[in-house]
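Here the structure comes first, spelled out in structure tokens, and everything after it is commentary.
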Amino acid sequence: MGKIKVVTVSGNLGARSRTRALIDAVVEGVEAQTAIHRTDIVIGELAPELGALTDPKAAPPRVADALAAIAGADLLVVGTPVYKGSYTGLFKHLIDFIDPNALGGVPVVLTATGGSPRHALVIEHQLRPLFGFFLAHTVPTGVFAQDSDFTDYRLSSADIAARATRAADEAVRIAALGRLTAPTASLAAAPLVAA
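Taking the numbering used here, I'd label the letters of the sequence shown as residues 334 to 528.
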């Protein structure tokens, strides 16, 4: 397998971020197995342009580049801090501008960080259905880490690091299969149940 295009999307707003450290742990696991070309999208860096955007056709260059990178990814590693039981608003705002057919079959590693284990289910109850809409292939292992799993914004939990490595392994195996392509009709518009 040649270099795979790994695109990370981090929903954090601040410069120092546990979410980015968790994403990095997954990407390191991918890079240990295969050559990659990495593109990082950090919501906080796009916030001024992204927040006011209402039409993706009018996206400023940095936002348009981010959307193009996501659509062209061989593998996505997404992460968000969890506030009040959900992903960040600007993270969802960016995802709302992705073409519904852009991610069919793309492997996605889901990660999240939060202050306590009460937020852990955001992966299964919000992130997995969100990327399921796009018919992306979310890897079975999601990676949630709480504040106590980090020391000075670096992942320090061996258990979480092992989970990140397992998610990376799953993602590399799926990415090796190649991207699924839509037959002739729109994936997102196809009926789920025949009439």
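From the three backbone atoms N, C-alpha and C, an ideal C-beta is built for every residue, glycine too.
Because the structure is a prediction, the values reported are computed rather than measured.
For residue 405 and residue 352, which I take to be in contact (beta-carbon distance under 8 Å), what is that distance rounded to the nearest angstrom? With a Cβ gap of about 23 Å, residue 405 and residue 352 do not count as contacting.
To the nearest whole angstrom, what separates the beta carbons of residue 428 and residue 463, a pair I think is in contact under 8 Å? At roughly 6 Å, the Cβ-Cβ gap stays under 8 Å, so residue 428 and residue 463 are in contact.
Please list the terminal residues of the continuous alpha helix (DSSP H) segment that includes residue 414. Premise fails: residue 414 lies in the beta strand (DSSP E), 408-414, not in any alpha helix (DSSP H).
Which residues in the same chain have their Cβ closer than 8 Å to the Cβ of residue 502, if we skip the five residues on either side of it in sequence? 362, 366.
At which residue ranges does the stretch 419-468 contain complete alpha helix (DSSP H) runs of 4 or more residues, listed in the order of the chain? Listed in chain order, they are 422-429, 461-466.
Residue 369 beta carbon less than 9 Å from that of residue 530: Since the first residue of the chain shown is 334 and the last is 528, residue 530 is not available in this structure.
Reduced DSSP secondary structure (H/G/I, E/B, other) of residue 489: Residue 489 falls in the coil class under three-state DSSP.
Going by DSSP in three states, residue 392 sits in which element: helix, strand or coil? Looking at residue 392 - three-state DSSP - the assignment turns out to be coil, as it is neither helix nor strand.
Is DSSP giving residue 345 helix, strand or coil here? In the structure shown, residue 345 sits in coil (DSSP, three-state: anything other than H, G, I, E or B).
Counting pairs of beta carbons, one from the stretch 368-382 and one from the stretch 487-496, are three or more of them closer than 8 Å? Judged by Cβ distances under 8 Å, the stretch 368-382 makes no contact with the stretch 487-496, as fewer than three pairs qualify.
Could you tell me whether the stretch 381-391 touches the stretch 341-359, where touching means 3 or more Cβ pairs closer than 8 Å? No, the stretch 381-391 is not in contact with the stretch 341-359.
Quick one: what's got a C-beta closer than 7 Å to residue 483's C-beta in the same chain, skipping five residues either side? Correct list, in chain order: 351, 354, 489.
For residue 309, tell me which candidate among 341, 457, 441, 449 has the shortest Cα-Cα distance. Because residue 309 is not part of the residues shown, which for the chain are 334 to 528, the question remains open.
For a test of the three-state rule: what should DSSP assign to residue 472, helix, strand or coil? Residue 472: coil per DSSP, three-state reduction.
Taking 9 Å as the threshold (C-beta atoms), are residue 407 and residue 512 in contact? Contact flag set, yes.
Let me know if residue 517 comes out buried or exposed under the rule of 16 or more other beta-carbons within 10 Å of its beta-carbon. Low per-residue confidence applies at residue 517: pLDDT is 38, beneath 50, and the placement is therefore not dependable enough to give any value.
Taking the straight line between their C-alpha atoms, what separation do you get for residue 456 and residue 385? Per the coordinates, the alpha-carbon of residue 456 lies some 27 Å from the alpha-carbon of residue 385.
Looking at C-alpha atoms only, which residue of 443, 466, 474, 451 is the closest neighbour of residue 417? Residue 451 is the option with its Cα nearest to residue 417.
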